[in-house]
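Have a look at the structure below, then the notes.
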Amino acid sequence: LAKTTQPISMDSYEGQEVNITCSHNNIATNDYITWYQQFPSQGPRFIIQGYKTKVTNEVASLFIPADRKSSTLSLPRVSLSDTAVYYCLVGGSGAGSYQLTFGKGTKLSVIP
Amino acid sequence: DTGVSQNPRHKITKRGQNVTFRCDPISEHNRLYWYRQTLGQGPEFLTYFQNEAQLEKSRLLSDRFSAERPKGSFSTLEIQRTEQGDSAIYLCASSLGAREGYEQYFGPGTRLTVT
Chain A
601 LAKTTQPISM DSYEGQEVNI TCSHNNIATN DYITWYQQFP SQGPRFIIQG YKTKVTNEVA
661 SLFIPADRKS STLSLPRVSL SDTAVYYCLV GGSGAGSYQL TFGKGTKLSV IP
Chain B
68 DTGVSQNPRH KITKRGQNVT FRCDPISEHN RLYWYRQTLG QGPEFLTYFQ NEAQLEKSRL
128 LSDRFSAERP KGSFSTLEIQ RTEQGDSAIY LCASSLGARE GYEQYFGPGT RLTVT
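So the protein sequences, as listed, match chains A and B.
Just so you know, we're using the numbering used here here: the first sequence kicks off at 601 and counts up by one.
Just so you know, we're using the numbering used here here: the second sequence kicks off at 68 and counts up by one.
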């Protein structure tokens, strides 16, 4: 499974757009990029997944450049409730267990 | 609510005792995972079931740990002769199938404290 590198922490004011970048230089051809969010005392929650270019859902956008060696999770107009740890994961989509390999994540603090 | 549920939510036990946790996945999900999370770290994979078959186990899962998923429904994780290092949050997750493998739905976890 490809190793990922992301900032340990980030601060943002309410209402701003937040971009969290993740590096995954040794991503394999079949690997997808997946982001999870975790609030204190809760299990992680799937946010978004992509393979290339851009993916958008009701919660976030995921930008993936052509070389796929990095990805950026974009959270529009964050609120205090977006304060959480965000994990970037990469892994293949072939046959297998799909076990998730989490790093330490990025702790996002939204300031009023 | 049809999410993943885990019981108990908290468990305090003395070193050397056995404990058992239960996970009820989303009903139509055939894949079930157990993870362990310690303070300040992301979850670590322990084991995986597809239906009732345990197909993968992490090296983290020592001989004191055993997991079952009878009939491919709920799952139990048992820890025998608990040690203080077993103190952690034990998370269960489930997913639907191959294509959605990385979209896993997590339960709230069971917090284990070994004294």
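Glycine included, C-beta positions come from ideal geometry on N, C-alpha and C.
Per DSSP, F88/B is one residue of the beta strand (DSSP E) stretching across 86-91. Between A684/A and Q649/A, the C-beta spacing is not below 8 Å.
Counting only the Cα atoms, T149/B lies some 36 Å from S681/A. Going by DSSP, R103/B is part of the beta strand (DSSP E) stretching over 98-104.
Taking the Cα positions, S94/B is about 36 Å away from N626/A. Assigned with DSSP and collapsed to three states, K124/B falls in strand. In this structure, G83/B is the residue among L163/B, V71/B, G83/B with its C-alpha nearest to the C-alpha of Q151/B. Using beta-carbon distances, L127/B does not count as an interface residue toward chain A, since no partner is under 8 Å. Only residues of its own chain outside the window of five on either side were considered, and among them S609, V685 have a CB closer than 6 Å to the CB of K707/A, listed in chain order. Rounded to whole angstroms, the separation of the alpha carbons of H624/A and T87/B is 37 Å. Comparing C-alpha distances from Q606/A to each of S709/A, G703/A, V710/A, P712/A shows the shortest one belongs to G703/A. Within the same chain, and ignoring the five residues on either side of T672/A in sequence, the residues whose Cβ sits closer than 6 Å to its Cβ are N619, T621, F663. Inter-residue distance for K138/B and Q108/B is about 33 Å (C-alpha atoms, whole angstroms).
Listed along chain B, the residues sitting closer than 7 Å to P644/A by beta-carbon distance are P110, F173. For A134/B, the enclosing beta strand (DSSP E) begins and ends at 132-135.
Within the stretch 146-165 of chain B, contact with chain A at the beta-carbon level (separation under 9 Å) is assigned to I156, L158, C159, A160, S162, A165. Y157/B and N657/A have their C-alpha atoms spaced approximately 29 Å apart. Cα atoms of P676/A and E617/A: separation of roughly 4 Å, rounded to the nearest angstrom. Within the stretch 114-141 of chain B, contact with chain A at the beta-carbon level (separation under 7 Å) is assigned to Y115, L122, E123. At least one CB atom of chain A sits nearer than 8 Å to the CB of E170/B.
Taken atom to atom, the span from the alpha-carbon of L122/B to that of C159/B is near 16 Å.
Its chain contains N85, R131 as the residues whose beta carbon lies nearer than 7 Å to that of Q147/B, once the 5 sequence neighbours on both sides are disregarded; these appear in chain order.
When 9 Å is used as the limit between beta carbons, K704/A is near these residues of chain B: G107, Q108, G109, in chain order.
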